[in-house]
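Reviewing the structure listed below.
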Amino acid sequence: MTSATIYFIKILLVTVILTDARSTKHHLSKSYVPMSTRIVGGHSTTIAEHPYMVSIRARNHFICGGTLVSTKCVMTAAHCSILASPSRWQVHAGTTFLKSHGIARTVRKWMVPADFNFFSIDMDVALLQLSRPLHEPVLRPIEIDFSPLEEDDDVIVTGWGLKKEYPAAKLSNELQAVTVTLTNTEKCIKAYSEQNNVTENMFCAIGEHGSDACQGDSGGPAIRDGKQVAASCARTTKRYGFFDSRIVGGEITTIDRVPYLVNLRQNGQFSCGGSIITRRCVLTAAHCVHKIAAATLTINAGASRLSDGAQVRQVVQTFVSTFYSPASLDMDVAILKLNQTLKGPYIAAIPLCSKRPNDEAKVRVSGWGITAENGREPSEQVRTVLVNVLPQPQCIQAYAGQAQITATMFCATVPGEKDSCSGDSGGPLVYQGQLCGIVSWGYGCARPQYPGVYTNVVSPRVNAFVKTIAMQNCM
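Listed below in structure tokens is the structure:
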């Protein structure tokens, strides 16, 4: 466990204890840090064997796992907050079965480290302060092990995670456990080199004969010698079509047909899409640039191929709304100011939409995104796809109990056929020659039950932010 993670955990646990000491006597002993968890190839277990294990639910829908670290504090993964606002969460303890209510507590306070990065999933840890303490005999907090982890250490992962990969995915009603072994750090980094950056705050582990901890129970514990050890998510529940935009079911196009489209790069590596809104500014998704130094960002414009750069500009300033939520992706919009104006035959700004496209309207999404859900490499050639705007109630229902669809979001898709997904977040959704949406997030790619989610440029809050920043910095 790195010093930054240890510091965060210790400070917040002490804060919780001191805050509650005025009214409640506490037994502080224990703790945890997150891991993504489908329990594949595991076995059934009981809460008596793992009395620290809790489930986090919203309106009785399972969100994530968690670990009881004191009588009034639960540790989980920071990224779990994307699935539903923590203000709606309940922690359920003391039960082996998901269908059983157990002992429930509401969440009084939600705490995440300032360094948590939802794009890289670095520092993916959070503490939940409960509304009332849990003193029941069946429950027992678990002790944190702050000692270093070693290659080939065995750890036990528990949860109610999916027992198989998608699409044969179904949560287990009964608590599951699996033993996995820590792998060599270099192997871990190499395994995810084309998908995620494995940071010092993460480790990898895998089991024998296909056993593993997978998606569906992020936030659950990894236990070594009866104590909680630190882990980070190599695979989170929604990573995703999330910061993702593969153009699934689309077709190759050329930049002269989408001259407003640019690709964003961090340290020279393709990361996101964007749209030219003035000759000096680009519109993209906030999650693409949040807490990323402008000096590491460049944009390429005026080229159909990802390897070409007809116009390369340095980003000198990023503007992200103070209302942007990395947890829920509300207000997922950002403006990039460039060091020089853009000019050339295949470069043009695109106007903003004056009204949201009608339900079922065909809208165009373009980018260099990965072209299949399990793909790794972005498309070398720019691609485009037509998708249909969904009625807002249908969009909300599609993610009910799993994620919050806010007023700054809308959905569009052609179920099972076409979608935007991984590698091109921040790219444009265009209707009748106007920019109406920004590729934001979603579950997987072109999955029948999960449409793509876009930032609504016409939303009053988004529209006001864009126009204010553009007027002051981009003209």
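Just so we're aligned: the sequence shown equals residues -21 to -1, 1 to 454 in mature numbering (1 follows the signal peptide of the UniProt record, and there is no 0). Positions of the beta carbon are idealized from the N, C-alpha and C atoms, including for glycine. Since the structure is predicted, the reported quantities are computational estimates derived from the model, not experimental observations.
Within 10 angstroms of its Cβ, does residue i collect 16 or more other Cβ (buried), or is it exposed?
i, result
"Arg236", "exposed"
"residue 465", "Residue numbering for the chain in the displayed model covers -21 to 454; residue 465 lies beyond these limits and cannot be assessed."
"Thr50", "buried"
"Met32", "buried"
"Asp316", "Asp is not the amino acid found at residue 316; the sequence shown has Lys there. Buried is the call here."
"Val117", "exposed"
"Ala272", "exposed"
"Phe222", "In this prediction, Phe222 scores a pLDDT of 36, lower than 50, which makes its location untrustworthy; the coordinate-derived value is nonetheless stated afterwards. It counts as buried."
"Ala93", "exposed"
"Pro407", "buried"
"Asp204", "exposed"
"Ile326", "buried"
"Asn39", "exposed"
"Met454", "exposed"
"Ile231", "exposed"
"Ser283", "buried"
Classify residue i as helix, strand or coil using the three-state DSSP reduction.
i, result
"Gln376", "helix"
"Asn367", "strand"
"Glu165", "helix"
"His40", "strand"
"Cys52", "strand"
"Val159", "strand"
"Ala280", "strand"
"His22", "strand"
"Val409", "strand"
"Val86", "strand"
"Cys332", "coil"
"residue 455", "Beyond the ends of the chain as shown, which are -21 and 454, falls residue 455; an answer cannot be given."
"Cys251", "strand"
"Thr275", "helix"
"Ala57", "helix"
"Val432", "strand"
"Val241", "strand"
"Val361", "coil"
CA-CA distance, residue i and residue j?
i, j, result
"Asn246", "Ala56", "28 Å"
"Met14", "Ser197", "Because Met14 sits at a pLDDT of 33, beneath the cut-off of 50, its placement in the model cannot be relied upon, and the point is left open."
"Val157", "Ser151", "13 Å"
"Ser79", "Asn452", "55 Å"
"Val344", "Leu321", "22 Å"
"Arg119", "Trp89", "21 Å"
"residue 459", "Thr24", "Nothing about residue 459 can be read from this structure; the chain reaches only from -21 to 454."
"Gly45", "Leu331", "42 Å"
"Ser419", "Ala443", "19 Å"
"Ile135", "Gly199", "11 Å"
"Asn318", "Gln293", "6 Å"
"Ala449", "Phe125", "48 Å"
"Gly253", "Asn242", "6 Å"
"Gly81", "Gly346", "47 Å"
"Pro65", "Cys43", "11 Å"
"Ile202", "Gly73", "18 Å"
"His22", "Trp139", "11 Å"
"Glu115", "Leu285", "58 Å"
"Ile123", "Tyr429", "37 Å"
"Ala280", "Phe302", "29 Å"
Which residue marks the beginning of the beta strand (DSSP E) containing residue i, and which one marks its end?
i, result
"Cys260", "Cys260 to Thr263"
"Thr297", "Gln290 to Val299"
"Ala72", "Trp68 to Ala72"
"Leu414", "Gln413 to Trp420"
"Asp133", "Asp133 to Gly138"
"Ser345", "Lys341 to Gly346"
"Thr392", "Met388 to Thr392"
"Ile314", "Ala313 to Leu317"
"Ile384", "Per DSSP, Ile384 belongs to no beta strand (DSSP E) and is neither H nor E."
Assuming residue i is part of the alpha helix (DSSP H), what are its boundary residues?
i, result
"Phe444", "Pro439 to Asn452"
Counting only beta-carbon atoms, is residue i nearer than 8 Å to chain D?
i, result
"Leu106", "Any reference to chain D falls outside this structure, which holds one protein chain only."
Report task. Indicate whether the contact test is met: 3 or more Cβ pairs, each with one atom in the segment 270 to 284 and one in the segment 330 to 344, closer than 8 Å. Result -> Contact between the segment 270 to 284 and the segment 330 to 344 is absent, with fewer than three C-beta pairs closer than 8 Å.
Requested in this report: Flag this pair as touching only if the segment 374 to 387 and the segment 430 to 448 have three or more C-beta atom pairs under 8 Å; answer yes or no.
Outcome: yes
Query raised in the report: Counting Cβ pairs, one atom from each stretch, are 3 or more of them under 8 Å apart for the segment 297 to 313 and the segment 363 to 375?
Result: no
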